[in-house]
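**Q**
4 protein chains.
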Amino acid sequence: MIVSDADYELKVRSSFDKQNLMKTLGAQLVAVGPGTCEIELPFSSSLGQQHGFLHAGATTSIADSAAGYAAYTLTPKGSSVLTTELKINLLSPAQGERFFARAEVLKAGKTLTVVTSKVFAVQKGQEKLCAFLTASIMTVPHAETI
Amino acid sequence: MIVSDADYELKVRSSFDKQNLMKTLGAQLVAVGPGTCEIELPFSSSLGQQHGFLHAGATTSIADSAAGYAAYTLTPKGSSVLTTELKINLLSPAQGERFFARAEVLKAGKTLTVVTSKVFAVQKGQEKLCAFLTASIMTVPHAETI
Amino acid sequence: MIVSDADYELKVRSSFDKQNLMKTLGAQLVAVGPGTCEIELPFSSSLGQQHGFLHAGATTSIADSAAGYAAYTLTPKGSSVLTTELKINLLSPAQGERFFARAEVLKAGKTLTVVTSKVFAVQKGQEKLCAFLTASIMTVPHAETI
Amino acid sequence: MIVSDADYELKVRSSFDKQNLMKTLGAQLVAVGPGTCEIELPFSSSLGQQHGFLHAGATTSIADSAAGYAAYTLTPKGSSVLTTELKINLLSPAQGERFFARAEVLKAGKTLTVVTSKVFAVQKGQEKLCAFLTASIMTVPHAETI
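If you read the protein sequences in the order shown, they are chains A, B, C and D. Read in order, the letters of the first sequence are residues 236 to 381 in our numbering. Read in order, the letters of the second sequence are residues 236 to 381 in our numbering. Read in order, the letters of the third sequence are residues 236 to 381 in our numbering. Read in order, the letters of the fourth sequence are residues 236 to 381 in our numbering.
1. Going along chain D, which residues have a C-beta under 7 angstroms from V265 of chain A?
2. Which residue comes first and which comes last in the beta strand (DSSP E) that contains K363 of chain D?
3. Can you list, in chain order, the residues of the segment 315-326 of chain A whose Cβ is nearer than 7 angstroms to any Cβ on chain C?
4. Decide if Q254 of chain B is buried, meaning its Cβ has at least 16 other Cβ atoms within 10 Å, or exposed.
5. Please classify H377 of chain C as buried or exposed, where buried requires at least 16 neighbouring CB atoms within 10 angstroms.
6. Which residues mark the beginning and the end of the alpha helix (DSSP H) in which F387 of chain A is found?
7. Return the residues of the segment 356-375 of chain B that lie within a Cβ-Cβ distance of less than 9 angstroms from chain D, sorted by chain order.
8. Does the beta carbon of I381 of chain B sit closer than 7 angstroms to a beta carbon anywhere in chain C?
9. Tell me the rounded alpha-carbon separation between L289 of chain A and G261 of chain D.
10. In its own chain, which residues sit with a C-beta less than 8 angstroms from the C-beta of K345 of chain C, not counting the 5 before and 5 after it?
11. Closer than 8 angstroms is the cut-off here; do at least three beta carbon pairs connect the segment 299-308 of chain C with the segment 278-287 of chain C?
12. So V238 of chain B packs on T308 of chain B, CB below 8 angstroms; how close in whole Å?
13. Name, in chain order, the residues that DSSP records as bridge partners for L276 of chain A.
14. Below 7 angstroms CB to CB, which residues in the same chain sit around K353 of chain B once its five sequence neighbours on both sides are set aside?
15. Just to make sure I have the definition right: I need the residues of chain C whose C-beta is within less than 8 angstroms of the C-beta of V349 of chain B. Which are they?
16. Using beta carbons (cut-off 7 angstroms, strictly below), is H290 of chain D in contact with chain F?
17. Going along chain B in order, which residues have a C-beta closer than 7 angstroms to the C-beta of S280 of chain A?
18. Under 9 angstroms, CB to CB, which of the residues in the segment 327-338 of chain A have a partner in chain B?
19. If the criterion is Cβ atoms closer than 7 angstroms, does the pair M236 of chain D and P277 of chain D meet it?
20. Kindly provide the ranges of any beta strand (DSSP E) runs that are 3 or more residues long and lie completely inside the segment 270-324 of chain A, ordered along the chain.
21. What is the C-beta distance between L325 of chain D and A291 of chain D, in whole angstroms, given that I count them as a contact (C-beta under 8 angstroms)?
22. What are the residues in the segment 291-304 of chain C lying within 7 angstroms of chain A by C-beta distance?
23. Beta carbon of E339 of chain B, beta carbon of T351 of chain B: below 7 angstroms?
24. Interface residues of chain D around L341 of chain A at Cβ under 8 angstroms?
25. Excluding the 5 residues preceding and the 5 following L264 of chain B in the sequence, name in chain order all residues of the same chain whose CB lies nearer than 7 angstroms to its CB.
26. Could you spell out where the beta strand (DSSP E) holding L264 of chain C opens and where it closes?
27. Can you look up L260 of chain C in the DSSP assignment and give me helix, strand or coil?
28. Buried or exposed: where does E320 of chain B fall if 16 or more other Cβ atoms within 10 Å of its Cβ makes it buried?
29. Would you say K342 of chain B and K322 of chain C are within 7 angstroms of each other, going by their C-beta atoms?
30. Any beta carbon from chain B within less than 7 angstroms of T310 of chain A's own beta carbon?
31. Please report how far the alpha carbon of S300 of chain A lies from the alpha carbon of K312 of chain B, in whole angstroms.
32. Taking S352 of chain A as the query, report the chain B residues whose CB atoms sit under 9 angstroms from its CB, ordered along the chain.
33. CB-CB under 8 angstroms to Y243 of chain D, same chain, minus the five flanking residues each way: which ones, in chain order?
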């Protein structure tokens, strides 16, 4: 993974802080690396679906943000990123005290970067893979239009 | 669309009320019909991404809930539903005062029901399609395991 | 749908004729319109999967080509198109004497155009929806690199 | 990966031999293991798209068959498998003398098994990742209906 912007962690952290949805959900940025990003989400009953598990929308939110920021670590200074599409398979009920979305760039392209994110549920200290996301992230030079 | 449970609206509304994430986001159930469901989400800056638009995770949350409930209107009494996978294309920046997710069952199967949801942004009274989701919803007879 | 290249049908037909896989499968271009395309595939046992139905790969091939050409009708003269990702739900067994993939542009963008294709199986004169595809098609000005 | 049918390789090879599309494309089963499968496709101009590269439909065909058979290695004796949905990201132009689809089960479930496939292009002895697929494969006890 080739990093062109040495300040990639700073720009990712600064952008993450502007994602109000992450605050609303209670998600935190754990780690950022070249082409990788990890986000943590403590479970709260306010994030549940009808059976009390984490809602697929919350799972997708952290998996998508992690994917976008994994891509963002590799984009040139001054550009921004946009998710153009994402796909998530919900592999097992999202039950746990906390969740981790770990994203990794699969292919960095000039216009589109493809990223995968794995979401793990932690229950009584045991990690279990509960979701798998693939996303296409577009690099936008300056403006934010697709 | 064949409805086997005449109380489908009641069961959908009762289940929606248990989806705490919908409350946390501020989403409301607008309409339920045989194989259809509509959810409304007023914009709030607490749901934003880094540019202030609606975060893809919030867009996906209402599109997924609408899809799940569209499927749920058609399932037999006593069963529950689970999203096994979803895919969303983010077609234009999610900018607006409010958003509507409108879901429609494409194919109702015994085990899997495939549903599409369109998400519209309303800006100054103008509706604009901003996202398109496809989801596979599994009907689970009693338990909630995949 | 705004057509910028009045010769869109000619360019689509000429490009389709170069898609050797379509010949190998026995597929034909039926109709082209602004933002739409229809491809027909007569069933042949040479296209089967293990149960004798049409292989998902053949279903996807015509759904993808139809989607790409629906997008191509709207792109400027001199540009080419590339599928960057596609998603297909196989809704019922692909059983029939012939199949039709009908694609329609959902959102035409400068860089990415999102298209849906429905695949219908025709059995004893009855059409049945058997697959639903969504694809992101990239417009490439001159070269063919992503 | 837990194998319940010790004859898994035999049943996979026997089923692959019935997939006529694989013969039509010229694809061969290379390797089968518990939860894994590899298929090889030599390039032929008869499989091309309009620029002469491998058509996305051919790429998807081998990636899907590999995914289905990776899942099939893990299903109980007497059952069959069906792809219910698949998603593929086309990461770079499919240019090469031969292609390999390598599938690996991500999560084996009772009803649905989620599998990923990577497709590599081999050009002058160099392997390059050109596509990434995720598929949901349904285990069907006896019949073949979804």
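Quick reminder that beta carbons are idealized off the backbone N, C-alpha and C, glycines included.
**A** With the structure as the only source:
1. Ordered by position in chain D, no residue passes the 7 angstroms Cβ test against V265 of chain A, which lies about 23 angstroms from the chain.
2. 361-375
3. T319, E320, K322
4. buried
5. exposed
6. An answer regarding residue 387 of chain A cannot be provided, because it is not within the stretch 236 to 381 covered by chain A.
7. T369, S371, M373
8. Only weak support is given to the placement of I381 of chain B: the predicted model assigns it a pLDDT of 39, under 50, and the question is left unresolved by the model.
9. 45 angstroms
10. T374
11. no
12. 6 angstroms
13. A:F334
14. R337, L364, F367
15. N324, L326, F367
16. In summary, chain F is missing from the structure at hand, where the protein chains are A, B, C and D.
17. N255
18. S327, P328
19. no
20. 271-277
21. 6 angstroms
22. none
23. yes
24. N324, L326, L364, F367
25. R248, F251, I274
26. 263-268
27. helix
28. buried
29. no
30. no
31. 37 angstroms
32. The contacting residues do not exist; S352 of chain A stays about 12 angstroms from chain B at best.
33. V267, P269, Y307, T308, L309
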